[in-house]
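In what follows, a single structure is set out as structure tokens and then discussed.
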Amino acid sequence: MTVLVAFDGSEPSQKALRHAVREFPDEEFVLLRVIEAADGATEAGFELAREKLKELRDEARTELSTDVDDVLDPADLDLRVETAVGMPAREIVRFADEHDVDHVVVGNHGREGVARVLLGSVAETVVRRAAVPVTVVR
């Protein structure tokens with residue numbers, strides 16, 4: 014079984030990672046870091062944007078590995094780190110669909126009321142759109 018954990022280094026994503034490891038100790042883990050990129054690149058700037066995104070992905074992988082080391086010992090896990098560029102909820106669902114993920118674990122900041130309505134909820138969108146079971150950790 015493959016468990017996808019949306020991981021950005023925040024406290025909620027750290028809790029999600031700890032939960033996933035506790036609940037699925039012998040499974041394969043994929044930590045996905047989604048880099049939000051601005052839309053609207055022009056054709057002339059497309060190659061420059063592509064190079065910058067590659068640089069951001071490399072940096073994100075390094076940062077993510079460091080963040081994971083702070084949360085737990087990855088040596089005991091079947092773990093790989095992936096990055097995607099785009100809107101977080103959309104990229105989490107897309108990655109799960111395209112990579113035969115069996116379960117998704119996401120953290121939740123626990124926003125309520127107006128903040129939740131204005132900011133949206135990545136966790137809620139993933140729950141509604143994912144084709145596989147999703148665990149939201151608070």
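Residue 14 is where the sequence shown starts when you use my numbering, and the numbers rise one by one after that.
Heads up, the beta-carbon is just placed ideally off N, CA and C, and yes, glycines get one too.
What you are looking at is a predicted structure, and each value in this text was computed from that prediction instead of being measured.
C-beta atoms of residue i and residue j nearer than 8 Å
| i | j | result |
| --- | --- | --- |
| Val-117 | Val-147 | yes |
| Val-135 | Val-106 | no |
| Arg-93 | Val-18 | no |
Range covered by the beta strand (DSSP E) that runs through residue i
| i | result |
| --- | --- |
| Val-114 | That residue, Val-114, is in no beta strand (DSSP E); it is neither H nor E in DSSP. |
| Arg-151 | Here Arg-151 belongs to no beta strand (DSSP E), and DSSP marks it neither H nor E. |
| Asp-42 | It is worth fixing the name first, because residue 42 is Phe in this sequence and not Asp. It spans 41-48 - the beta strand (DSSP E) in which Phe-42 sits, taken as one unbroken run. |
| Val-16 | 15-19 |
Bounding residues of the alpha helix (DSSP H) (the contiguous stretch that carries residue i)
| i | result |
| --- | --- |
| Leu-30 | 24-36 |
| Ala-136 | 135-142 |
Coarse secondary structure for residue i, derived from DSSP in three states
| i | result |
| --- | --- |
| Phe-180 | No answer is possible for residue 180: it lies beyond the span of the chain, which begins at 14 and ends at 151. |
| Asp-91 | strand |
Top-ranked residue by Cα proximity to residue i, from the options
| i | options | result |
| --- | --- | --- |
| Arg-3 | Ser-23, Ala-143, Glu-104, Ala-144 | Residue 3 is absent from the model: the chain starts at 14 and stops at 151. |
| Met-100 | Leu-90, Val-149, Ala-29, Ile-48 | Ile-48 |
| Gln-27 | Arg-142, Arg-46, Glu-111, Asp-39 | Arg-46 |
| Val-119 | Thr-15, Ala-29, Asp-21, Glu-137 | Ala-29 |
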